[in-house]
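Notes follow once the structure below has been shown.
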Amino acid sequence: TGSIGVFGIIPNVTAPLEEFLGVYSDTILLHDHATMNGVTQPFSDYECNVIQDGVNSTYDLFLNRVSEGRSLTIARVREIAQGRVYTGRQALSIGLIDEIGGLDQAVSHCIEESELNKGAALKAYPNREIDALSLLMNSQELEDEVKLVESIGDYISSSLPFIIHRDIPQKNIYMMMPIVMDVE
């Protein structure tokens, strides 16, 4: 079913940019923490703590939502969460899901429980995989982005595409699902 928890990753891509592409960056700071959301400078201890506080706050919100939604105590959710990954059967046995099924069953259940038109169309759009470097370069051409990622090897391309996407506004913390559904 997936993992139960919250994590945060903000990479520092300085080394691969320099090593693989010969790209160097200089920064003019107007504030001590102006580069905090950037990916080309290391974080100070203070900045790491601010980011970790945001992740912790999101995790607490997540625990509360799971607790309310599944009618479990926060202590119980905390006990079973912690980033663990459960199979469908395991999730069913500990009360995280009501039944085992796939996307089609989940959509059917949502339609049945809602006031949606029973003949409503479902559109699923796959996420467009975009690498972190394309965000830095503001490239609009997917072909160029792919060539760029391939040129720096597995260092970045294996760890970032599932986290950073162009269509998501830049904020500090994301909670993502692997697909986006639009039920009409």
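To convert, take the position in the sequence shown, counting from 1, and add 26; that gives the working numbering.
Don't be surprised by glycine CBs; every beta carbon is placed ideally from N, CA and C.
Tell me which residue opens and which closes the beta strand (DSSP E) that residue i is part of.
i, result
"residue 112", "110-112"
Using a Cβ-Cβ cutoff of less than 7 Å, which residues in the same chain neighbour residue i once the five nearest sequence positions on both sides are dropped?
i, result
"residue 168", "Summary for residue 168: the model assigns pLDDT 49, below 50, so the residue's position carries little reliability, and this model does not support an answer."
"residue 100", "89, 90, 93"
"residue 49", "43"
According to DSSP, is residue i part of a helix, a strand, or is it coil?
i, result
"residue 150", "strand"
"residue 67", "coil"
"residue 98", "coil"
"residue 92", "helix"
"residue 42", "helix"
"residue 51", "coil"
"residue 82", "helix"
"residue 36", "coil"
"residue 125", "coil"
"residue 106", "helix"
"residue 130", "helix"
"residue 20", "The chain is shown only over 27 to 210; residue 20 falls outside these bounds and no answer can be derived."
"residue 77", "helix"
Counting only the same chain and skipping the five closest in sequence on each side, list residues whose C-beta sits under 6 Å from that of residue i.
i, result
"residue 67", "61"
"residue 120", "106"
Which two residues bound the contiguous alpha helix (DSSP H) that contains residue i?
i, result
"residue 140", "Element bounds for residue 140: n/a, residue is neither H nor E."
Closer than 8 Å by C-beta to residue i: which residues in its own chain qualify, once you throw out the five before and the five after it? Chain order, please.
i, result
"residue 96", "103, 121, 122"
For the pair the region 82-97 and the region 31-44, tell me if three or more CB-CB distances fall below 8 Å. yes
Kindly confirm or deny that the region 129-141 and the region 107-119 touch, where touching means at least three C-beta pairs closer than 8 Å. no
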